[in-house]
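Peer 1:
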Amino acid sequence: MATRQELSDFLTQVERRAFKQTAYAVRDEDAALDIVQDAMMKLAEKYAMRPANEFPMLFQRILQNTMRDFWRRQKVRNIWTSLLSSFSVTGEDGEDSDPLEVLTSTDNDARVEPEAQLEQRQTMAFIEDALTKLPARQREAFVMRYWEDMDVAETALAMGCSQGSVKTHCSRAVRALAATLEKHGLVEQLLARPLSFEKGVDDES
Amino acid sequence: MKVETENQQAELRDQALAERIASLLDEQASNIDARIASKLNYASQQALANMASPSSGMVISQNGVIKLFGNYWHQHRLLVTLMMCGLGLLALLAMQNIANQEDAEKGDAYLLASDLPPEVYSNEGFGTWLSENTQQ
């Protein structure tokens, strides 16, 4: 049985990644915040008494379900919006937006050289853009396996599919991301990069 | 054998690439906007507060609207549904009862308004007499 402190630690550790992950899926920061808040509430309300080692899998499952609920509501809303918009004149708001334009800047790391910083920001922009374009299941599998560091069995349980499916989704996701990076000649550069960053540890610490 | 080795190398390369992408994503997540970070922190505090008092009557919903007695409703939704079904069944039975009473009243009114005395209708020979007279 998990303690309040364990749940608190888990939420602190996972909240930012969960937000980014949701933002890649729904492409709307405010909606992503609502979804993450909703998922955290559900975890605390219904599964707080479960062992702490089950939290990652349970939270991912709740998060994915909450995202699906969002898509369903969005679908209904879109039907009404398209019906109503057929009566109104389209303006500048109707223009498509480029996901690269809404990416947040990371100016707070003054230690990194401006050129390297710009390069990394561009790489991130390509990765984030490619992530948003991945099919939902592939993105889910990739995020859980590699970003959340869950094993294949846990990911399969959270996604409600077989372990074989998880491997297939992961493999396809990595290939798709690699293809995008290859197009910009970033694969070798990325592979040469050392793995120095530890999960849940901020730059300040 | 050569194909197998190539496949293994490709898998290792994919794994390494995925790990580096995840590492970059982690860096990006750690440098999140301060406004969002504070909102996330507030959300996790809310979730923890909710854990401490699960039967609390006030929950901040996803759109910021306060739902009074939200938890109470979720816990008793089934009970309320059953109560509604029971009330519907009772109303149906009451309607049937009223309809039966109306039918009995109509039958009584017909017997009282008839030229023949009411005892005739319970006489065993009345049916035979009626059919004979109708044929004539």
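Here the protein sequences line up with chains S and R, keeping their order. For the first sequence, position 105 (counting from the first letter as 1) is numbered 105 according to my numbering, and the numbering increases by one without interruption. Converting from the second sequence to my numbering requires adding 1000 to each position, the first position being numbered 1. Cβ atoms here follow ideal geometry from the backbone N, Cα and C, with glycine treated the same way.
1. Which residues in chain S sit within 9 angstroms of Gln-1008(R), going by Cβ to Cβ distance?
2. Relative to the C-alpha of Thr-66(S), which residue among Arg-50(S), Ala-18(S), Leu-84(S) is closest?
3. Buried or exposed: which applies to Arg-4(S), given that a residue is buried once 16 or more other Cβ atoms fall within 10 Å of its Cβ?
4. Check whether the Cβ of Leu-1048(R) lies closer than 9 angstroms to any Cβ atom in chain S.
5. Rounded to a whole number of angstroms, what is the C-alpha to C-alpha distance between Leu-1087(R) and Asn-1097(R)?
6. Could you give the distance in angstroms between the alpha-carbon of Asp-203(S) and the alpha-carbon of Thr-22(S)?
7. For Tyr-24(S), I'd like the list of residues in its chain whose CB is within less than 6 angstroms of its CB, leaving aside the five on either flank, ordered along the chain.
8. Arg-1077(R) versus chain S: which residues are under 8 angstroms apart at the beta carbon?
9. With a 10 Å radius around its C-beta and 16 neighbouring C-beta atoms as the bar for buried, classify Arg-147(S) as buried or exposed.
10. Which bits of chain R does Arg-27(S) rub up against, with CB to CB less than 8 angstroms?
11. Here's the rule: buried if 16 or more other CB atoms are within 10 angstroms of the residue's CB, otherwise exposed. What is Ala-1010(R)?
12. Quick check on Met-124(S) - is its C-beta less than 9 angstroms from some C-beta in chain R?
13. For Pro-135(S) and Cys-161(S), I'd like the C-alpha separation in whole angstroms.
14. Counting only Cβ pairs nearer than 8 angstroms, list the residues of chain S close to Gln-1096(R).
15. Verify whether the separation of the beta carbon atoms of Asp-1026(R) and Val-174(S) is less than 9 angstroms.
16. Would you decide whether Val-1003(R) is buried or exposed? Buried here means 16 or more other CB atoms lie within 10 Å of its CB.
17. Residues in its own chain within less than 6 angstroms of Leu-1111(R) by CB, not counting five upstream and five downstream?
18. Between Glu-1102(R), Ala-1047(R), Ala-1018(R), which lies nearest to Gln-37(S) when the distance is taken from Cα to Cα?
19. How far does the alpha helix (DSSP H) with Leu-134(S) in it reach, from first residue to last?
20. Give me the Cα-Cα distance between Arg-72(S) and Leu-118(S), rounded to the nearest whole angstrom.
21. Are there 16 or more other CB atoms within 10 angstroms of the CB of Ile-79(S), so buried, or fewer, so exposed?
22. Can you look up Ile-1032(R) in the DSSP assignment and give me helix, strand or coil?
Peer 2: Taking the geometry as given:
1. Under the 9 angstroms cutoff, chain S gives no residues; its nearest Cβ is about 13 angstroms from Gln-1008(R).
2. Ala-18(S)
3. exposed
4. yes
5. 15 angstroms
6. With a pLDDT of 42 at Asp-203(S), under the threshold of 50, the predicted position of this residue should be treated as unreliable, though the coordinate-derived value follows. Answer to the nearest angstrom: the Cα atoms are 23 angstroms apart.
7. Leu-131, Thr-132
8. Those do not exist, as Arg-1077(R) stays about 15 angstroms from chain S at its closest Cβ, beyond 8 angstroms.
9. Residue identity differs from the one stated: residue 147(S) is Trp in this sequence, not Arg. Buried: at least 16 other Cβ atoms inside 10 Å.
10. Residues of chain R passing the Cβ test: none, with the nearest at roughly 15 angstroms.
11. exposed
12. yes
13. 16 angstroms
14. Per Cβ cutoff of 8 angstroms: no residues; Gln-1096(R) is ~40 angstroms from chain S at best.
15. no
16. exposed
17. Pro-1118
18. Ala-1047(R)
19. From DSSP, Leu-134(S) is part of no alpha helix (DSSP H); its letter is neither H nor E.
20. 38 angstroms
21. exposed
22. coil
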